[in-house]
Amino acid sequence: MSEPADVAFRSVTRSGGVLVLAIMGLVGIFLTVNAVQAVSTVGIVEFVTETNWSPETNQFGIAAVLSGTILIAIVALLVSIPLSLGIALFTTEVARGGFQRTLRSIIDLMAAVPSVVFGLWGLAWFQPVIVPFSKWLSEWFGWIPIFAVTGADPDNPLPNDSLYTSSTFIAGLVVSLMVIPIMTNLMVESTSRAPIGEREGAYALGATRWGMIRSVVLPFAKGGIIGGTMLGLGRALGETIAIYLIISPLFEINLHILERGSNSIAALIALRYGEANDFGMSALMAAGLALFILTMVVNFTASSIIARSRSGAESEG
């Protein structure tokens, strides 16, 4: 027979879970109801494939902003995954004592920094610093389409640095710093729970520290690593203010990540919300619904992966 405290705990946790699901459902319903007018006017196919955003002329769609959202998130993940995993392994396997606690505190403090601070820092300081690196990438790897920059001339004695500002690349790098704390915290929890018995067994068989990490810690923490990556992706997809401050809005599909001009769904909503009429607001709600669905798919996938992970087990049978 269950103890009263256990019954109360289960009731509270279930109520909290149901409440969260109910709120998510209400948000989805609200967005859907308000998006019907705009989507029904142009049709779902045109809404998904159109690049322009002009609700006033019934020419609007999310193709450009959706591709920009995904590209910025991909750049952010390519940078944040190795950094987060490296920080997590260093924190759990190398750092000890007060230094380890300090590292974890710093990671937690990074998560508390507001998005607008990251955006202002990226715009005022980071962008001028990273533009020379963007130029270097374009000069040496411009033969790869994603690194090409239209109008760039390496032989020009007076290069135009503005070609490389407000780009997908710079926005992705800033967002990567914002998702690193989320990813790192989950990876630290996963790697720190690798069974002691398996660690010691690996050392007893002659494994080096890296050999133990490769054969014990990483396989055990795989679910947490993938789940942390997916949660970071969900945050990157929905980031608003930092991207809004950095990018130069462009309503066309631009796959050149070093080139000036990009966009995202969240930044579009922030940009057009104040000036939208009723129909324009419906169009923005439709864009928000698309982002909501995309983010929920990512987050539910992450939750599923984490739930199937063996992270948290004390030992392996």
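In this note's numbering, each residue's number is its place in the sequence shown (first place is 1) plus 684. Note that beta-carbon positions come from the ideal geometry of N, C-alpha and C, so glycine has one too.
Asked, Found
"Glu998 (DSSP reduced to helix, strand or coil)", "Interpretation of Glu998 is limited by its pLDDT of 43, a score under 50 that renders its predicted location unreliable; no figure is taken from the coordinates."
"Alpha carbon of Ser1054 to alpha carbon of Ile866, nearest angstrom", "The chain is shown from 685 up to 1001; residue 1054 falls before or after that span and cannot be answered."
"DSSP-derived helix/strand/coil call for Arg944", "strand"
"Rounded C-alpha distance that separates Phe904 from Ile897", "10 Å"
"Runs of alpha helix (DSSP H) lying entirely within the segment 911-967, each at least 4 residues, in chain order", "925-930, 949-956"
"Length of the line joining the Cα atoms of Ser995 and Trp827", "Per-residue confidence for Ser995 stands at a pLDDT of 45, beneath the threshold of 50, marking its modelled position as unreliable; the derived number appears in the next sentence. Cα-Cα distance, rounded: 43 Å."
"Residues near Gly849 by beta carbon distance below 8 Å, same chain, minus five either side", "Before going on, a small fix: residue 849 reads as Thr here, not Gly. Here the set comprises Gln811, Val815, Ser932, Arg944."
"Nearest-angstrom Cβ-Cβ length linking Gly727 and Asn736, presumed shorter than 8 Å", "Not confirmed; about 15 Å, so no contact."
"Any 3 or more C-beta pairs closer than 8 Å across the segment 951-958 and the segment 771-788", "no"
"Neighbour-count burial assignment, Arg694, 16 or more Cβ in a 10 Å radius", "exposed"
"DSSP-derived helix/strand/coil call for Trp809", "helix"
"Ser850 - DSSP class collapsed to helix/strand/coil", "coil"
"C-alpha distance - Val759 paired with Pro688, whole-angstrom precision", "50 Å"
"Leu842, enclosing alpha helix (DSSP H) - first and last residue", "Premise fails: Leu842 is in no alpha helix (DSSP H) and is neither H nor E."
"Delimiting residues of the alpha helix (DSSP H) encompassing Asn718", "688-726"
"Separation of Gly907 from Arg877, as counted between CA atoms", "12 Å"
"Which of helix, strand or coil DSSP assigns to Trp737", "strand"
"Proximity to Gly922 [Cα-Cα], best of Asn742, Leu750, Val704", "Leu750"
"Residue from Ala971, Ser966, Ser987, Ala991 with nearest C-alpha to Asn718", "Ser966"
"Gly1001 classed as buried or exposed, judged by whether at least 16 other C-beta atoms fall within 10 angstroms", "Only weak support is given to the placement of Gly1001: the predicted model assigns it a pLDDT of 41, under 50, and the value that follows is read from those uncertain coordinates. Burial call: exposed."
"Buried/exposed call for Leu842, threshold 16 Cβ in 10 Å", "exposed"
"Bridge partner(s) assigned by DSSP for Phe731", "DSSP output for Phe731 lists no bridge partner at all."
"Cβ pair count under 8 Å reaching 3, the segment 909-925 against the segment 764-776", "yes"
"Span separating the alpha-carbon of Val858 from that of Asn938", "19 Å"
"When Leu861, Thr753, Ile754 are compared against Val797, the one with the closest alpha-carbon", "Leu861"
"Close Cβ partners of Glu998 (< 7 Å) along its chain, the five nearest in sequence each way excluded", "Residue placement at Glu998 is poorly supported in this model, since its pLDDT is 43, which falls under 50; the coordinates are not used for a value here."
"Counted within 10 angstroms of its Cβ, other Cβ atoms place Ser699 as buried (16 or more) or exposed", "exposed"
"N-terminal and C-terminal residue of the alpha helix (DSSP H) that Trp827 is part of", "Unbroken run through Trp827: none, as it is neither H nor E."
"Contacts around Leu968, its chain only, beta-carbon distance under 7 Å, and the 5 residues preceding and following it disregarded", "Ile953, Arg956, Tyr957, Ala960"
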